[in-house]
Amino acid sequence: MGNSITTSIMASTSSTSSNATIAVIGFDKMKDIVTQIQEKGREGCGYCVIDVRNNSEFNRDGPLFDKAEFLPTPIIRQFWSLKKNVFELNDEEFQKEFGFR
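Everything in the sequence shown is counted per the working numbering, starting at 53 for the first residue and increasing by one.
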């Protein structure tokens, strides 16, 4: 139990929303994905890691790693209040809203 990850870690295996699959993964798989991103880049390995936390947590602890994208939980809540799911936006909408895809 030496790992400090306490939330589910999810990864999409496709860059196109209509074909994306999302799965809960474990700590070891997450480490493998991070290594792949650092070695090949996001486009080269097909993964995008999104760091979903409150701004205060991000500011206190810093990013998960240098190539992770940050999506603050208040933004997700704002979309939910409008009856929208951030993770169901198409690529263009997501890029427009958050600056990455």
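Ideal Cβ positions, reconstructed from N, Cα and C, are used throughout, including at glycine.
- At least 8 Å separates the beta-carbon of Phe146 from that of Asn137.
- Residue environment analysis places Val76 among the exposed positions, since fewer than 16 neighbouring C-beta atoms fall within 10 angstroms of its C-beta.
- Secondary structure note for Pro124: it is in no alpha helix (DSSP H), with a DSSP letter that is neither H nor E.
- Shown here, Val101 sits in coil according to DSSP, grouped into three states, outside any helix or strand.
- Out of Lys83, Pro126, Lys135 and Gly151, the CA that lies nearest to the CA of Arg105 is found in Pro126.
- Distance from Ile89 to Lys119 at the Cβ level is roughly 5 Å; contact confirmed, criterion being Cβ atoms closer than 8 Å.
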